[in-house]
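Chemist: Dumping the structure here so I can ask a few things about it.
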Amino acid sequence: MISQLKLLSERFLKSTENKKVNVITHHDTDGISSAAILIKTLQKLDRKFSIRIIKQLEKEMIDELIKEDEVNIFLDLGSSNIEELEKVKGEVFIIDHHQIDKEKVGNTNIINPMLTGDPDISGSSLTYLFAKEINKENTNLAKLAIIGMIGDMLEKNINHFTNQIIKDAKEVIVKKGLSFFSATRPLHKALEFSNIYINGVTGKENGAIKFLNEIGIEWKTNGSYRTPLDLDEDENSKLITSLLLRVSNDNGDNERLISNLYLIKFLNKMEDARELSTLINACSRLGHSEVALALCLETKRAKEKAETIYAEYKQNLVHALNTIENIDKIEGKNYVIINARDEIKDTIIGTVASMLSNSPKYTPETIIITMAYSEDKVKVSGRIKYGRNIAEILSRVIAELGGECGGHPNAAGCLISKNQEYDFIEKLKKELEIEVVKL
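Every number in the numbering used here is 2 more than the matching position in the sequence shown, counting from 1.
So this is what it looks like as structure tokens:
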């Protein structure tokens, strides 16, 4: 893949000598981290550019987005629209890691690890490697690739590419810890706003404090709040054991709850990369992608704004989780379909699916499908820890109905018309049942 990156970077440099760059990126953490990497690279090259941050690349948007007299580059999206993008008149580059039909790839300037048989790495990791091919001194951007990698939950998929990126990020501390809450927030707040549902704790500050008191861990000393990083070895061990007992599922699948923590220097302070990833994601999901990008670019005051947005985002998530409890569910063998309609925002329905997939309520082999209205369409998000390929399943259903689809084997999504809602659910149920028979 490195040879392809080198070739692509050479083409890009030549194409942009006398042309403005039109950057189109996805609105999640990985996409915005990718954009920040490219922006800093373009600034160093003294290239003019514009940027668009979008929720999803839909067929009808392509003509509007493409600028014939500029160099158009798509980050963290574009693979599922390869046919349409090949037909446009403007010059196009794609840096993406989502599923792609190899047979449809023609002469497009594209980097995707699925085309070269390389391991899956995040869009921001690919963009970083691209930026490094342009200028070897761009290693200061490696920390943004780490944030994007965590945003796409790929921190456990470490390979030779990501190892090199971690080495390039010189001011980084890597240590083991729990994967579902921030290491740098006040301890009780980290528990209250955990990324996995902890009964009696998530969304409840008093519940978090009560839990810490019950297990004998001080959350405040000398008037100052303690963070998970302040805990000594015994306290950390006690917290991990107590939390694993609280959230573990019947399969004892606890390994996925522990992962590497990446502490990086950001705005002159050591920050938990997961925390930054969550802030970026929260801003974008609530329609403040400009704040998310400013945070990635380490703009002063952006973090303060992001914290305010994050508080609102968490309230929305807690409301969504409470709402989910009262929504009728379609449950089958190793799958559950939850149609929230207009009761949950479409921008957070994917996050809800991820939280449910990580919840001890469902086994890791359970496919979680969540749905929410998005104007005249329905956004569908699918998650699974391991087992079946959710992207392929959704693609087969969409192939019959029409619509937009993309993603990964364990995290994928699609967009359908509202008038297809019933047909989609029926065809999806049939497809899921067929998959069970295959197993």
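Even for Gly, the Cβ is constructed at its ideal location relative to N, Cα and C.
What does a CB cutoff of less than 6 Å around F163 pick up in its chain, not counting 5 residues either side in sequence?
Modeler: Here residue 163 refers to the residue found at position 161 when the sequence shown is read from its first residue. So the qualifying residues of the chain are I123.
Chemist: Compare the beta carbon distance of V73 and S17 with 9 Å and say whether it is the shorter of the two.
Modeler: Locating residue 73 in the sequence shown gives position 71, where the first residue counts as 1. Locating residue 17 in the sequence shown gives position 15, where the first residue counts as 1. Contact: yes.
Chemist: Could you check where the alpha helix (DSSP H) with A296 kicks off and where it finishes?
Modeler: On the sequence shown, residue 296 is found 294 positions in, with the first residue counted as 1. That run of the alpha helix (DSSP H) goes S291 to C298.
Chemist: To the nearest angstrom, how far is the alpha carbon of K8 from that of A171?
Modeler: As a position in the sequence shown, residue 8 is number 6, starting the count at 1. As a position in the sequence shown, residue 171 is number 169, starting the count at 1. Taking the straight line from one Cα to the other gives about 21 Å.
Chemist: Apart from the five residues just before and just after Q422, which ones in its own chain have a Cβ nearer than 6 Å to its Cβ?
Modeler: For the purposes of this step, residue 422 is taken as the residue at position 420 of the sequence shown. L403.
Chemist: Kindly indicate which three-state DSSP category M3 falls into: helix, strand or coil?
Modeler: Here residue 3 is taken as the residue at index 1 of the sequence shown, counted from 1. M3 falls in the coil class under three-state DSSP.
Chemist: Expressed to the nearest angstrom, what Euclidean distance is found between the alpha-carbon atoms of V25 and S81?
Modeler: Taking the first residue of the sequence shown as position 1, residue 25 is located at position 23. Taking the first residue of the sequence shown as position 1, residue 81 is located at position 79. Whole-angstrom Cα-Cα distance: 15 Å.
Chemist: With a threshold of 16 other CB atoms inside 10 Å of the CB of T372, please say whether the residue is buried or exposed.
Modeler: Against the sequence shown, residue 372 aligns to sequence position 370. It is buried - the Cβ of T372 has at least 16 other Cβ atoms within 10 Å.
Chemist: Taking 9 Å as the threshold (C-beta atoms), are D48 and T129 in contact?
Modeler: Reading the sequence shown from its first residue, position 127 is the one you call residue 129. Reading the sequence shown from its first residue, position 46 is the one you call residue 48. No. Outside cutoff.
Chemist: Check each candidate in S397, P411, V203 and I340 and name the one with the smallest Cα separation from I370.
Modeler: For the purposes of this step, residue 370 is taken as the residue at position 368 of the sequence shown. Cα-wise, what sits closest to I370 is I340.
Chemist: Do the stretch 316-327 and the stretch 201-215 meet, that is, are 3 or more Cβ pairs less than 8 Å apart?
Modeler: These segments touch.
Chemist: Can you tell me whether DSSP reads R187 as helix, strand or coil?
Modeler: For the purposes of this step, residue 187 is taken as residue 185 along the sequence shown, with counting starting at 1. In this structure, R187 counts as coil in the three-state DSSP scheme.
Chemist: Can you say whether S36 is buried or exposed, counting buried as having 16 or more other CB atoms within 10 angstroms of its CB?
Modeler: Working through the sequence shown from its first residue, we reach residue 36 at position 34. With 16 or more other Cβ atoms within 10 Å, it is buried.
Chemist: Please work out which residues of its chain come closer than 6 Å, Cβ to Cβ, to A414, disregarding the five sequence neighbours upstream and downstream, and give them in chain order.
Modeler: Working through the sequence shown from its first residue, we reach residue 414 at position 412. Hits under 6 Å: G384, I392, A393 and L396.
Chemist: Tell me the residue span of the alpha helix (DSSP H) that contains D321.
Modeler: As a first step, residue 321 is located in the sequence shown; it is residue number 319 there, counting from the start. Checking the sequence, you will find His at residue 321 rather than Asp. Counting along the chain, the alpha helix (DSSP H) containing H321 begins and ends at A304 to E327.
Chemist: Considering only the alpha carbon of each residue, which of N412, R398 and H410 lies closest to F426?
Modeler: Locating residue 426 in the sequence shown gives position 424, where the first residue counts as 1. Checking every option, the nearest Cα to that of F426 belongs to R398.
Chemist: At which residue ranges does the stretch 137-189 contain complete alpha helix (DSSP H) runs of 4 or more residues, listed in the order of the chain?
Modeler: Fully enclosed alpha helix (DSSP H) runs of 4 or longer: 144-153 and 162-170.
Chemist: Is there contact here, the stretch 130-139 with the stretch 56-65, by at least three beta-carbon pairs under 8 Å?
Modeler: The stretch 130-139, when compared against the stretch 56-65, does not touch it at the 8 Å Cβ threshold.
Chemist: Going by DSSP, name the residue or residues bridged to G334.
Modeler: The residue you call residue 334 lines up with position 332 of the sequence shown. In DSSP, G334 forms a bridge with Y337.
Chemist: With DSSP collapsed to three states, give me the class of G415.
Modeler: Start at 1 with the first residue of the sequence shown, and residue 415 comes out as number 413. Looking at G415 - three-state DSSP - the assignment turns out to be strand.
Chemist: Do the CB positions of N140 and I39 come within less than 9 Å of each other?
Modeler: Position 138 of the sequence shown, counted from the start, is the residue given in the question as residue 140. Position 37 of the sequence shown, counted from the start, is the residue given in the question as residue 39. Cβ distance < 9 Å, so N140 and I39 count as in contact.
Chemist: Mapping the DSSP letters down to three states, classify V439 as helix, strand or coil.
Modeler: Within the sequence shown, residue 439 is the residue found at index 437, counting from 1. Here the model assigns V439 a pLDDT of 48, short of 50, so the residue's position is not dependable, and the following value carries that caveat. Helix, per DSSP.
Chemist: What are the residues that DSSP puts in a beta bridge with I97?
Modeler: Counting from one through the sequence shown, the residue named residue 97 turns up at place 95. Paired residues: L77 and I113.
Chemist: If you check the beta carbons only, do S361 and I198 fall under 9 Å apart?
Modeler: Along the sequence shown, read from residue 1 onward, the residue named residue 361 stands at position 359. Along the sequence shown, read from residue 1 onward, the residue named residue 198 stands at position 196. Result yes, Cβ atoms of S361 and I198 sit closer than 9 Å.
Chemist: Would you decide whether A192 is buried or exposed? Buried here means 16 or more other CB atoms lie within 10 Å of its CB.
Modeler: On the sequence shown, position 190 is the one that residue 192 refers to. By the 10 Å Cβ count, A192 comes out buried.
Chemist: Kindly provide the ranges of any alpha helix (DSSP H) runs that are 4 or more residues long and lie completely inside the stretch 19-57, ordered along the chain.
Modeler: Complete alpha helix (DSSP H) runs here, min 4: 31-47.
Chemist: Where do the N-terminal and C-terminal ends of the alpha helix (DSSP H) with A393 fall, by residue?
Modeler: Locating residue 393 in the sequence shown gives position 391, counting from the first residue. Counting along the chain, the alpha helix (DSSP H) containing A393 begins and ends at I392 to L403.
Chemist: Might you give, ordered along the chain, the residues of its own chain that have their beta carbon closer than 7 Å to the beta carbon of Q6, omitting 5 neighbours on each side?
Modeler: The residue labelled residue 6 in the question sits at position 4 within the sequence shown. Excluding sequence neighbours, Q6 sits near I113 and T118.
Chemist: Quick one: residues in its chain with C-beta nearer than 7 Å to the C-beta of S359, no 5 flanking neighbours on either side, listed in chain order?
Modeler: Along the sequence shown, one-based indexing puts residue 359 at 357. Closer than 7 Å at the Cβ level, and outside the excluded window around S359, lie I370, R385, I386 and K387.
Chemist: Quick one: is G179 buried, meaning 16 or more other Cβ sit within 10 Å of its Cβ, or exposed?
Modeler: Mapped onto the sequence shown, residue 179 falls at position 177. So G179 counts as buried.
Chemist: Measuring CA to CA, which of E435, Y424 and K379 is closest to I418?
Modeler: To locate residue 418, count along the sequence shown from 1; it is residue 416. When only C-alpha atoms are compared, the closest one is K379.
Chemist: Expressed to the nearest angstrom, what Euclidean distance is found between the alpha-carbon atoms of E62 and T110?
Modeler: On the sequence shown, position 60 is the one that residue 62 refers to. On the sequence shown, position 108 is the one that residue 110 refers to. Approximately 20 Å between the Cα atoms of the pair.
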